[in-house]
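K.L.:
Residue numbers (the working numbering): 3 to 465.
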């Protein structure tokens with residue numbers, strides 16, 4: 003082989019690989035999940051699954067010098083729900099996903115082959131070769147691409163994902179790997195539980211029609227306290243029903259709207275917009291800075307961190323969880339808790355306005371603030387709680403999202419919970435005050451529901 007022929011072949015190969023490396027990207031939608039898939043040349047053959055902002059799962063899956071990147075862009079939960087209605091059986095779901103994935107792979111392979119052919123032809127054109135030689139370069143590029151793809155598919159090993167490498171938020175790694183191993187085996191169960199949740203919501207509100215109204219109904223401000231949604235779409239249906247049926251004036255969320263800081267932006271913003279009332283938010287330890295920034299852009303959301311907002315005459319003071327500023331989902335240590343507690347004490351000492359409600363995610367932060375603010379709202383523990391001490395009514399909404407994905411994975415029943423607060427409307431030089439609360443718990447396993455109305459009288463409580 004003379005030097006000219008070698009240069010032509012090399013140029014065809016380089017052009018083919020150049021086009022594949024820089025242009026082989028595909029946006030696909032697989033059953034409501036939007037991915038970007040691209041191929042890159044690499045010294046090792048591996049597949050990486052990128053789950054922003056959690057990190058990257060990587061496994062050495064094949065021998066060809068190609069890196070396959072799969073990046074999750076968005077999740078359309080409404081579309082997933084519709085799929086669950088059409089194909090309720092696990093076998094049908096697996097077949098549906100398999101067909102869609104196979105179709106996606108065929109499209110990606112076809113695009114790769116086309117890019118390899120065009121890249122080689124482009125190399126020939128750059129060298130100003132004759133038409134026949136450009137065609138020959140295209141054939142070489144086609145063969146190189148087919149050889150590359152054949153090597154990937156022939157040596158691909160799915161079992162490599164049993165021992166993946168993980169980079170990112172290390173504390174979240176076991177959770178992600180567990181989900182990966184279980185795959186779609188729990189989707190059928192998830193769909194059934196969402197259906198059960200929807201059925202129970204209707205039952206609860208039909209039964210609650212019989213509960214008597216609060217005295218002076220027109221002089222009442224209704225505040226819905228929610229917490230720890232953890233990316234559960236059913237929680238938004240729950241809140242929407244409460245807002246609609248009880249004419250809620252505004253909502254206070256005490257954190258952990260997401261799980262491991264994952265900002266499923268379209269789902270969250272779309273569902274919050276449906277609520278049509280002001281949404282007051284303080285961050286939890288699972289909420290990353292990207293989640294907080296996303297919520298700040300929502301029209302009906304007010305994010306509080308060392309700020310107080312007045313709504314309908316009620317002063318709401320909120321402080322973020324210290325962990326939300328560090329990127330670490332672990333709850334704050336004792337030192338951070340003391341620092342945040344001191345910060346709140348200092349704010350209350352120098353403020354010219356009195357707070358009616360203090361909203362903080364972690365109840366440990368507000369333990370020695372009891373007595374300084376009339377109503378203290380918390381979350382974090384996933385256990386609904388309500389008590390009165392030293393002039394403060396302390397309420398923990400539990401988990402309005404039934405602990406999210408982790409709730410679906412456990413065999414025990416973690417109920418959806420929220421607390422509807424009835425405040426006296428301020429006026430005529432009279433301050434507001436908490437008159438009553440409806441404590442709502444709904445089972446996600448269709449075992450029932452619990453509703454309790456608690457009245458507060460001169461600092462006491464009467465169930």
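Positions of the beta carbon are idealized from the N, C-alpha and C atoms, including for glycine. Note that the structure is a prediction, hence the values are computed from the model and not measured.
Please classify residue 240 as buried or exposed, where buried requires at least 16 other C-beta atoms within 10 Å of its C-beta.
P.N.:
Residue burial annotation: residue 240 is buried, with at least 16 other C-beta atoms found within 10 angstroms of its C-beta.
K.L.:
What residue ranges within the region 248-283 form continuous alpha helix (DSSP H) runs of no fewer than 4 residues, ordered along the chain?
P.N.:
267-275
K.L.:
In whole angstroms, give me the CA-to-CA distance for residue 13 and residue 126.
P.N.:
Looking at the two C-alpha atoms, the distance is approximately 7 Å.
K.L.:
Does any CB atom of chain D fall closer than 8 Å to the CB of residue 121?
P.N.:
The structure shown contains no chain D; it is built from a single protein chain.
K.L.:
I'd like the list of long-range same chain contacts for residue 285, defined as Cβ closer than 6 Å, with 5 residues on each side in sequence excluded.
P.N.:
Spatial neighbours of residue 285 in its own chain (CB-CB distance under 6 Å, excluding positions within 5 residues in sequence) are listed in chain order as 257, 294, 322, 323, 326.
K.L.:
Quick one: give me the first and last residue of the alpha helix (DSSP H) that residue 344 is part of.
P.N.:
336-352
K.L.:
Assuming residue 68 and residue 154 form a contact by the criterion Cβ under 8 Å, report the distance between their Cβ atoms to the nearest whole angstrom.
P.N.:
6 Å
K.L.:
Just verifying my parser: in three-state terms, what is the DSSP assignment at residue 287?
P.N.:
coil
K.L.:
How long is the line joining the alpha carbons of residue 236 and residue 143, rounded to whole angstroms?
P.N.:
51 Å
K.L.:
What residue from 391, 380, 357, 43 has the CA that sits closest to residue 367's CA?
P.N.:
380
K.L.:
Residues in its own chain within less than 7 Å of residue 183 by CB, not counting five upstream and five downstream?
P.N.:
At residue 183, the pLDDT of 49 sits below 50, so the modelled position is not reliable; the number obtained from the coordinates is stated separately. Cβ neighbours of residue 183 beyond the five flanking positions: none.
K.L.:
According to DSSP, simplified to helix, strand and coil, what is residue 429?
P.N.:
strand
K.L.:
Span of the alpha helix (DSSP H) holding residue 149?
P.N.:
133-157
K.L.:
Between the Cα of residue 351 and those of 374, 386, 363, spot the shortest distance and give me the residue it belongs to.
P.N.:
If we check each option's Cα against that of residue 351, 374 comes out closest.
K.L.:
For residue 52, which residues does DSSP report across the bridge?
P.N.:
58, 73
K.L.:
Helix, strand or coil, according to DSSP, for residue 231 in the structure here?
P.N.:
coil
K.L.:
In chain order, what residues of the same chain lie with their CB nearer than 7 Å to the CB of residue 244, ignoring the 5 residues before and after it?
P.N.:
226, 250, 420, 422
K.L.:
When you compare the CB positions of residue 2 and residue 304, do they come within less than 8 Å of one another, or not?
P.N.:
The structure shown does not extend to residue 2, since the chain is modelled only from 3 to 465, so the question has no answer here.
K.L.:
Starting from residue 12, trace the alpha helix (DSSP H) both ways and give me its first and last residue.
P.N.:
5-25
K.L.:
Going by CA-CA distance only, name the one from 269, 26, 65, 59 that's closest to residue 45.
P.N.:
Comparing alpha-carbon positions, the option among 269, 26, 65, 59 lying closest to residue 45 turns out to be 65.
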